[in-house]
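For what it's worth, our numbering labels the leading residue of the sequence shown as 2, then goes sequentially. First comes the structure, then the notes that go with it.
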Amino acid sequence: MDWIRRFFSSPVFEDEEKTRVARLTDAMLNVFFGASLAAALFMFITSRATFLSDWASLGIFGIVLIATLLMRFVLRLGLVRTVSSLLVLVLFAIITFALYIFGGISNSTTIGYILCIVITSLLLGGRAALASIFLSVVAISVIWYAGYLGIIKSPSEETPIFDLLANGTVFIISGVLLYYAVNSLAQALERARRNEQAQIEANRALEALKATLEQQVTERTRDLERRTNYLQAAAQIGHATTSILNIDQLLRQAVESIQERFNLYHSAIFMLDATGRWADYRAGTDEAGRVLAEQGLRLEVGGRSMVGKCIAQNQGQISQDVRTETERVGHSLLAATRSEVALPLVARGRVIGALSAQSSLVGAFDQDAVAALQTLADQVATALDNARLLAESQTALEAERLAYGEVGRAAWANLLRTGLAQGYTYANDQVLPIVEAAPPETDAALRQGQSIITPPPDPTQGGPVLAIPIRVRGQVIGAVDLRKGSSHDQWTEQEMALLETLAEQLGVALESARLYQDTQRRAASEQITGQVAARMRESLDVDAVLQTAIREIGQSLNLTEVEIRLRGEA
2 MDWIRRFFSS PVFEDEEKTR VARLTDAMLN VFFGASLAAA LFMFITSRAT
52 FLSDWASLGI FGIVLIATLL MRFVLRLGLV RTVSSLLVLV LFAIITFALY
102 IFGGISNSTT IGYILCIVIT SLLLGGRAAL ASIFLSVVAI SVIWYAGYLG
152 IIKSPSEETP IFDLLANGTV FIISGVLLYY AVNSLAQALE RARRNEQAQI
202 EANRALEALK ATLEQQVTER TRDLERRTNY LQAAAQIGHA TTSILNIDQL
252 LRQAVESIQE RFNLYHSAIF MLDATGRWAD YRAGTDEAGR VLAEQGLRLE
302 VGGRSMVGKC IAQNQGQISQ DVRTETERVG HSLLAATRSE VALPLVARGR
352 VIGALSAQSS LVGAFDQDAV AALQTLADQV ATALDNARLL AESQTALEAE
402 RLAYGEVGRA AWANLLRTGL AQGYTYANDQ VLPIVEAAPP ETDAALRQGQ
452 SIITPPPDPT QGGPVLAIPI RVRGQVIGAV DLRKGSSHDQ WTEQEMALLE
502 TLAEQLGVAL ESARLYQDTQ RRAASEQITG QVAARMRESL DVDAVLQTAI
552 REIGQSLNLT EVEIRLRGEA
């Protein structure tokens, strides 16, 4: 029974139109099967000789029954259009055969063609219906002409009951088919209306989703732009602060850039004093910042002010509405402040000050703004610490340079006092020591520490004189005088640059030679000291030690007279 129920149920496919045609075809097959079975049974029940002897009619009904079962099986295989075409062809063939069997054209037989046309239009569409009309007209014309020629003989009398049965069957089938057709069209229209409503609802949902997404995209784009501006501001301010080495200029540049980039009402930087108890107002924006710096505003570390709290706690302080802060320390020059954030300046793990950012809007500092400002505060703190270290290093280096310069100048003075030549001159392919005093251009180069070009007093004696100072670790220890052979020759920039480079290398070489001589002298002195001390320690007798000391000192230093005298009683 389950198999029979599934066999006679309407098939369902993924294509909605295919399912509709399959259901309509299945309904027609059910009608034809039932009508053919009922007609066959009626013929046996009536027991009339004319019907019982009409085996052709029984054959037609049998063919219809078998054809409907086969077409139903093929319909389950998904060949819907094939089954529909076969159904129309079988129906057309049965109607035409019935016309031939029952003696030509009559009211009861021609109605079948109308049924065939209706079924064709429902199952196969408009073009197939036109083809069915054409074939029906051709068939009727042929059968009429065959009857006219006497090929088909009409029965002697019509059977009213048969005519009633044929017409009733056709009308019943037509009614059932039209019912299924109208019901199918109504269901299709209902599905179309539901689909349309569902599409409208889906479009509304899509419009709402689109609006929501556009709003989210707008908000996220605005947030992304704001974050991008924060990052750009941090990068630009960080670059500006790291390129400035003067602390005061660095502070001014930092507060001005922060106010401009973050669209603030006021920004300021406080620095800890030497005691660590007070935060001094070092730099601020606009006229208020200048006045507060001149007045020497100071905030107590750990006091009620946001700056004092953030320095004491090494933690940022945020107020989205300063009017609700009862303990906040404000200033009359900054009366328009509505929100404020104070962030510590931390360098190498030590708090050195604080950054104060103030806005005239309530709730102006969100999480992204605070994070960007904290990044700037860290950059400013690092730049301030680097500037301080650089200033201290430069001070120490300058002091060391001055001290070393004094030592070097004294060493060269001592070396010259030992009888070293004041210098040498090269003329006429000869190198001779200098005995006369230095000319004016040499004295000018020594005093000013820069190259001097002097025209010759007598053009017949040569060209212009170039005096280049010789430097050793920033100290001028001498000069090089050079003269062109002709008064028409001039010193070019390339020649001066080359000679100045040679003068620098000369200074390095002279300093290296002096240091080497000092090293050699110290080594010789230490050697003599070691030898004399070793000889003196060879004896434990006082007189022998004194005699050995006098002899060794006189011989080692090539002295003509050495005297050692011990102190007696006072």
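Heads up, the beta-carbon is just placed ideally off N, CA and C, and yes, glycines get one too.
From residue 213 to residue 219, what distance separates their C-alpha atoms?
Cα to Cα, residue 213 sits roughly 10 Å from residue 219.
Check each candidate in 468, 280 and 234 and name the one with the smallest Cα separation from residue 263.
When only C-alpha atoms are compared, the closest one is 234.
Beta-carbon of residue 147 versus every beta-carbon of chain C: anything under 8 Å?
Looking for chain C here will not work: only one protein chain is present.
So the beta strand (DSSP E) residue 453 belongs to, where does it begin and stop?
Per DSSP, the unbroken beta strand (DSSP E) holding residue 453 starts and ends at 453-455.
Who are the near neighbours of residue 554 in its chain, counting only those whose CB is closer than 8 Å to its CB and skipping five residues on each side?
Contacts found: 533, 560 and 563.
Using three-state DSSP, classify residue 338 as helix, strand or coil.
Secondary structure at residue 338: coil, using DSSP grouped into helix, strand and coil.
Going by beta-carbon coordinates alone, are residue 91 and residue 83 separated by less than 8 Å?
No, the Cβ-Cβ distance between residue 91 and residue 83 is not below 8 Å.
Contacting residues, own chain, Cβ-Cβ under 7 Å from residue 50 (five flanking each side not counted)
Low local confidence applies: a pLDDT of 38 at residue 50 is under 50, so the model's placement there is unreliable, with the coordinate-based value given in what follows. Hits under 7 Å: none found.
Cα-Cα separation, residue 527 to residue 518
Computed Cα separation, rounded: 14 Å.
Local conformation of residue 271 per DSSP, three classes
Strand at residue 271.
Can you check whether the CB of residue 256 is closer than 8 Å to the CB of residue 285?
In this structure, residue 256 lies closer than 8 Å to residue 285 by Cβ.
So, is residue 472 buried or exposed, given that buried needs 16 or more other C-beta atoms within 10 angstroms?
Buried is the call here.
Cβ of residue 356 within 8 Å of Cβ of residue 378?
Yes; because the gap between Cβ atoms is below 8 Å, this pair is in contact.
Going by beta carbon distance, what residues of the same chain come within less than 8 Å of residue 302, once the five residues before and after it are set aside?
Around residue 302: 273, 277, 278, 279, 280, 309, 312 and 313.
Proximity of residue 557 and residue 497 at Cβ, strictly below 8 Å:
Cβ distance not < 8 Å, so residue 557 and residue 497 don't count as in contact.
If you drop the 5 nearest sequence neighbours on each side, which residues of the same chain put their C-beta closer than 8 Å to that of residue 117?
Cβ within range, chain order: 89, 92, 93, 96, 133 and 137.
Between the CA atoms of residue 437 and residue 480 - distance to the nearest angstrom
Between residue 480 and residue 437, the C-alpha separation is close to 15 Å.
Can you tell which of 505, 141, 465 and 494 has the C-alpha that lies nearest to the C-alpha of residue 476?
Residue 476 has its Cα closest to that of 505, out of 505, 141, 465 and 494.
Closest to residue 144 by C-alpha separation, out of 124, 100 and 509, would be which residue?
Taking only the C-alpha atoms, the option nearest residue 144 is 100.
Residue 298 (DSSP reduced to helix, strand or coil)
Coil at residue 298, not helix or strand.
Opposite residue 145 in the DSSP bridges: which residues?
For residue 145, DSSP assigns no beta-bridge partner whatsoever.
Out of 237, 245 and 228, which has the shortest C-alpha to C-alpha gap to residue 366?
Looking at the Cα atoms, 228 is the closest of the given residues.
How is the beta strand (DSSP E) around residue 517 delimited, first residue to last?
Looking at the DSSP string, residue 517 is not in any beta strand (DSSP E); the run it does join, the alpha helix (DSSP H), is 494-537.
From which residue to which residue does the alpha helix (DSSP H) around residue 440 run?
From DSSP, residue 440 is part of no alpha helix (DSSP H); its letter is neither H nor E.
Close-in-space but distant-in-sequence residues of the same chain around residue 161 (CB under 7 Å, 5 per side omitted):
No answer about residue 161 holds up, because its pLDDT of 48 lies below 50 and its placement is not dependable.
State buried or exposed for residue 478, treating a residue as buried only when at least 16 other CB atoms are found within 10 Å of its CB.
Buried, by the Cβ-count rule.
If contacts are defined as beta-carbon pairs under 8 Å, then residue 85 and residue 13 qualify, I think. What distance do you get, rounded to the angstrom?
Cβ atoms of residue 85 and residue 13 stay farther apart than 8 Å, at about 16 Å.
Do you know how far the Cα of residue 470 is from the Cα of residue 494?
Rounded to the nearest angstrom, the two C-alpha atoms are 16 Å apart.
If we ignore side chains and look at the alpha-carbon of each, how far apart do residue 64 and residue 140 end up?
Distance between the alpha carbons of residue 64 and residue 140: 21 Å.
How many whole angstroms separate the CB atoms of residue 381 and residue 319, which I take to be in contact at a CB cut-off of 8 Å?
Their Cβ separation, rounded to whole angstroms, is 18 Å, which puts residue 381 and residue 319 out of contact at 8 Å.
Do residue 486 and residue 450 count as a contact pair if the criterion is CB distance below 8 Å?
Contact: no.
To the nearest angstrom, how far is the alpha carbon of residue 287 from that of residue 439?
Taking the Cα positions, residue 287 is about 60 Å away from residue 439.
Alpha carbon to alpha carbon, how far is residue 474 from residue 432?
For residue 474 and residue 432, the distance between alpha carbons rounds to 28 Å.
Is residue 283 helix, strand or coil by DSSP?
Of the three classes helix, strand and coil, the one that applies to residue 283 here is strand, per DSSP.
Does DSSP classify residue 121 as helix, strand or coil?
Note: residue 121 maps to helix in three-state DSSP.
So residue 259 packs on residue 251, CB below 8 Å; how close in whole Å?
In fact, because the Cβ distance is near 12 Å, the residues do not count as touching under 8 Å.
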